[in-house]
Amino acid sequence: MDPQQLSEEQRKEMEEKIKNMSPEELLEFQKQQCIFCQIISGKIPSKKIYEDDKVLAILDINPAAKGHILLLPKEHYAIMPQIPEKEIGNMFVIAKRMSKLILKVLKVSGTNIFVANGLAAGQKAQHFMIHIIPRKEGDGILEAEGKLIDEEMRGKIKSLIEEKFNELLGVKKKVLQVEAESSDEDKEVEEPEETEKEGEERKEKKKPSKKGKKKINKKKVVKEKKEKKKKKVEEENDDDKDDGGDASLDDIANLFK
Amino acid sequence: MKCEHCDIIERRSKIEILYEDEEVVVAIKDLSITPGQITVFPKEHFTILEGVPENILEKCSLIANKIGIAVFESLGSQGTNIMIQNGLGAGQKVPHFAIEVVPRVENDGLNLTWEAKQLPEDEMETAFMTLEQGMKELDSSVENEDDGKEGSNKTKDKSDKKIAKEDDKDNYLLKSLKKIP
């Protein structure tokens, strides 16, 4: 569906229609519009390299180089952050196999594994995919020069990203802190005979102990994480995605309409 | 052999390292395609993707995804590229496997793209048949060796239990593979 081909009126009508759709309807609508969903369902023929119940790998019909493979999740996702973690891990493992295959049989000197999330990143279709591109030196594919970034800039970037990233890693941390706080409240409710002033003093006294609790909780989280890792990072938290599901990401995903 | 990524792990510079655990490091390197580019790599030294054990690769990809989300939300990016440069011909600069997360905004001038080609049908067909045949061979070898591990000897002492199943693998395939470049 190319918006440029629609008249102003049709476009508005379409936008209105989309706006009134439930999320399920919207997903269904996107699937109908998605050429890769039709490839997956077999309505459009393709050259299949690999297929299982979760993913499909096909040859790109307009490749960057001979043997350019597209690895698609069978489920319709627009961008990577929408995909359940387990599937992301699995897709990269299969991308590795595809890369190995290319290196082995096409006699090239490298491969690029490439994902574009969002129009600004050069994403052309609304279906998430991993490109596995055979490479030879000087072929002009994905060429980008590095430049030096000074320490000050890197420091800024770090401070901007760090907090959000830690939040994403430690979903449990938040939950535990809420629990700790609510238990504090409970205590206060249990002792209503205190005057306000006393209550305030109490609160002040509590502060350090609360901090202590948080620290312990963090340690707990780390411990729990380690245990989890040993269990082989099993779908650490599917709801994690929902937790971070916010407007900005959805906007990027929906830009394709 | 000097390895820039192993150096980063050794230096433990607070500016460079954004995150680290027992297996994975996330770093902000001085040489980047664009400011805000983040590099995710395994602690252990694996040269190319084909050598990275599955559990480590999965973990790296999940962390790269989370970095991508964090970048969306905290740097005001409109998109991200997740990229692995695998092998010299693919522009790999450091001989230590890494996933790059590149934040993007519209008209940022980055040329992270390619010219889409229209190959003649017979050329597409040959490529397809070659890959299909190769896939069958790969499948049959996978059955008795799962996935070859480039540093499987190194891995053995460190994480014996974790990947005991994947160890003891004949990595003949990979040896021959590494000769190609």
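For the protein sequence lines, the chains are P and G, in the order given.
Sequential numbering from 1 applies to the first sequence in our numbering.
Sequential numbering from 258 applies to the second sequence in our numbering.
Using N, Cα and C, we set each Cβ at its ideal position, and we do this for glycine too.
Point to revise | Pairwise C-alpha distance: P:P45 and P:G155 | key: Reading the first sequence from its first residue, position 155 is the one you call residue 155 of chain P. Reading the first sequence from its first residue, position 45 is the one you call residue 45 of chain P. Note on geometry: alpha-carbon atoms of P:G155 and P:P45 lie some 50 Å from one another.
Check your understanding: For G:G325, which residues from the same chain have a beta carbon less than 7 Å from its beta carbon, with the 5 sequence-adjacent residues on both sides left out?
Key -> Mapped onto the second sequence, residue 325 of chain G falls at position 68. These residues qualify, in order along the chain: T337, I339, V358.
Exercise for review: Mind checking the stretch 34-56 of chain P against chain G and listing, in chain order, the residues whose C-beta falls within less than 7 Å of any C-beta there?
Suggested key: Of all residues in the stretch 34-56 of chain P, K47, I49, Y50 have a Cβ within less than 7 Å of some Cβ in chain G.
Review point. Between P:E8 and P:K17, what straight-line distance do the alpha-carbon atoms span, to the nearest angstrom?
Key: Within the first sequence, the letter at position 8 stands for residue 8 of chain P. Within the first sequence, the letter at position 17 stands for residue 17 of chain P. Cα to Cα, P:E8 sits roughly 14 Å from P:K17.
Point to revise | Between the CA atoms of G:S318 and G:R269 - distance to the nearest angstrom | key: Reading the second sequence from its first residue, position 12 is the one you call residue 269 of chain G. Reading the second sequence from its first residue, position 61 is the one you call residue 318 of chain G. Roughly 22 Å separates the two Cα atoms.
Review point. I think G:A355 touches G:H262, with their Cβ atoms under 8 Å apart; what is that distance to the nearest whole Å?
Key: Working through the second sequence from its first residue, we reach residue 355 of chain G at position 98. Working through the second sequence from its first residue, we reach residue 262 of chain G at position 5. Rounded, the Cβ-Cβ distance is 6 Å, consistent with contact.
Check your understanding: With a cut-off of 8 Å, do at least 3 Cβ pairs link the stretch 302-312 of chain G to the stretch 86-105 of chain P?
Key -> Judged by pairs of C-beta atoms under 8 Å, the stretch 302-312 of chain G touches the stretch 86-105 of chain P, as three or more such pairs exist.
**Study point:** Buried/exposed call for G:G366, threshold 16 Cβ in 10 Å
**Key:** Numbered from 1 along the second sequence, position 109 holds the residue referred to as residue 366 of chain G. When all chains shown are included, G:G366 counts as exposed.
Point to revise | Under 8 Å by beta carbon: chain G residues contacting P:G155 | key: Numbered from 1 along the first sequence, position 155 holds the residue referred to as residue 155 of chain P. In chain order: I272.
Practice item. Starting from G:I266, find everything on chain P with Cβ-Cβ shorter than 7 Å and list it in chain order. Key: The residue you call residue 266 of chain G lines up with position 9 of the second sequence. Result: empty, since nearest Cβ-Cβ is about 17 Å, beyond 7 Å.
Point to revise | Beta-carbon gap between P:E143 and G:G348 smaller than 9 Å | key: For the purposes of this step, residue 143 of chain P is identified with residue 143 of the first sequence, where counting begins at 1. For the purposes of this step, residue 348 of chain G is identified with residue 91 of the second sequence, where counting begins at 1. Yes. Within cutoff.
Review point. Is G:I326 helix, strand or coil by DSSP?
Key: Position 69 of the second sequence, counted from the start, is the residue given in the question as residue 326 of chain G. G:I326 carries a helical assignment under DSSP once its states are collapsed to helix, strand and coil.
Review point. CA-CA distance, P:K66 and G:K271?
Key: For this step, residue 66 of chain P is matched to residue 66 along the first sequence. For this step, residue 271 of chain G is matched to residue 14 along the second sequence. Taking the straight line from one Cα to the other gives about 43 Å.
Review point. Should the stretch 291-309 of chain G be regarded as contacting the stretch 54-63 of chain P, the criterion being three or more beta carbon pairs within less than 8 Å?
Key: With the cut-off at 8 Å, the stretch 291-309 of chain G and the stretch 54-63 of chain P do not touch.
Check your understanding: Using a Cβ-Cβ distance under 9 Å, would P:F92 count as near chain G?
Key -> Within the first sequence, residue 92 of chain P is the residue found at index 92, counting from 1. True, the Cβ-Cβ gap to chain G drops below 9 Å.
Point to revise | Alpha carbon of P:A57 to alpha carbon of P:E15, nearest angstrom | key: If you number the first sequence from 1, residue 57 of chain P lands on position 57. If you number the first sequence from 1, residue 15 of chain P lands on position 15. Roughly 33 Å separates the two Cα atoms.
Review point. Taking the alpha-carbon positions, what's the G:F385 to P:I69 distance?
Key: Translated into the one-based positions of the second sequence, residue 385 of chain G becomes position 128. Translated into the one-based positions of the first sequence, residue 69 of chain P becomes position 69. The alpha-carbon atoms of G:F385 and P:I69 are separated by roughly 10 Å.
Check your understanding: What span of residues does the alpha helix (DSSP H) with P:M91 cover, start to end?
Key -> Here residue 91 of chain P corresponds to residue number 91 of the first sequence, with the count starting at 1. That run of the alpha helix (DSSP H) goes 85-105.
Exercise for review: State the Cα-Cα distance for the pair P:K203 and P:K164, rounded to the nearest angstrom.
Suggested key: The residue labelled residue 203 of chain P in the question sits at position 203 within the first sequence. The residue labelled residue 164 of chain P in the question sits at position 164 within the first sequence. Per-residue confidence for P:K203 stands at a pLDDT of 46, beneath the threshold of 50, marking its modelled position as unreliable; no derived number is given.
Point to revise | Against chain P: residues of the stretch 373-388 of chain G by CB proximity under 9 Å | key: Result list: A373, K374, Q375, L376, E380, M381, E382, T383, A384, F385, T387, L388.
Point to revise | Near the ligand GDP: P:E85 beta-carbon under 8 Å from a heavy atom | key: Because no ligand of any kind appears in the structure shown, any question about the ligand GDP cannot be addressed here.
Review point. Buried or exposed: which applies to G:P360, given that a residue is buried once 16 or more other Cβ atoms fall within 10 Å of its Cβ?
Key: As a first step, residue 360 of chain G is located in the second sequence; it is residue number 103 there, counting from the start. So G:P360 counts as buried.
**Study point:** Which of helix, strand or coil DSSP assigns to P:L6
**Key:** Along the first sequence, read from residue 1 onward, the residue named residue 6 of chain P stands at position 6. P:L6: coil per DSSP, three-state reduction.
Review point. If you pair each beta-carbon of the stretch 31-51 of chain P with each one of the stretch 113-121 of chain P, do three or more pairs fall below 8 Å?
Key: no
**Study point:** Boundaries (first-last residue) of the beta strand (DSSP E) holding P:N20
**Key:** For the purposes of this step, residue 20 of chain P is taken as the residue at position 20 of the first sequence. Segment: none, P:N20 is in no beta strand (DSSP E) and carries neither H nor E.
Check your understanding: How many whole angstroms separate the CB atoms of P:A95 and P:I132, which I take to be in contact at a CB cut-off of 8 Å?
Key -> By one-based count along the first sequence, residue 95 of chain P stands at place 95. By one-based count along the first sequence, residue 132 of chain P stands at place 132. 6 Å between Cβ atoms; contact.
Point to revise | Cα-Cα separation, P:I141 to P:I113 | key: For the purposes of this step, residue 141 of chain P is taken as the residue at position 141 of the first sequence. For the purposes of this step, residue 113 of chain P is taken as the residue at position 113 of the first sequence. Looking at the two C-alpha atoms, the distance is approximately 12 Å.
**Study point:** Reference P:K31, options P:I130, P:E167, P:E75, closest by Cα
**Key:** Your numbering for residue 31 of chain P matches position 31 in the first sequence. The residue with the shortest Cα to Cα distance from P:K31 is P:E75.
Review point. Which chain G residues are close to P:A125, counting only those with a beta carbon under 9 Å from its beta carbon?
Key: As a first step, residue 125 of chain P must be located in the first sequence, where it is residue number 125. Result: empty, since nearest Cβ-Cβ is about 12 Å, beyond 9 Å.
Check your understanding: Candidates P:S41, P:L103, P:I35, P:E152: which alpha carbon is nearest P:A125's?
Key -> Your numbering for residue 125 of chain P matches position 125 in the first sequence. Nearest to P:A125 by alpha-carbon distance, out of P:S41, P:L103, P:I35, P:E152, is P:I35.
Check your understanding: Could one say the Cβ of G:V282 lies closer than 9 Å to chain B's Cβ atoms, at least one of them?
Key -> Looking for chain B here will not work: the only protein chains present are P and G.
Check your understanding: Does the distance from the CB of P:V105 to the CB of G:G346 come in under 9 Å?
Key -> Working through the first sequence from its first residue, we reach residue 105 of chain P at position 105. Working through the second sequence from its first residue, we reach residue 346 of chain G at position 89. No, these two residues do not count as a Cβ contact at 9 Å.
Practice item. Look up P:R154 in the DSSP assignment and say whether it is helix, strand or coil. Key: Position 154 of the first sequence, counted from the first residue, corresponds to residue 154 of chain P. If DSSP states are grouped into helix, strand and coil, P:R154 belongs with the helices.
**Study point:** Nonlocal neighbours in the same chain, by C-beta distance under 7 Å from P:I83, ignoring five residues either side
**Key:** Position 83 of the first sequence, counted from the first residue, corresponds to residue 83 of chain P. Answer for P:I83: P73, Y77, F128, listed in chain order.
Check your understanding: If we cut at 9 Å on Cβ distances, does G:C260 have a partner in chain P?
Key -> Position 3 of the second sequence, counting from 1, holds the residue named residue 260 of chain G. Not an interface residue.
Review point. Under 9 Å between C-beta atoms, does P:P73 make it to chain G?
Key: If you number the first sequence from 1, residue 73 of chain P lands on position 73. So no, P:P73 is outside the interface.
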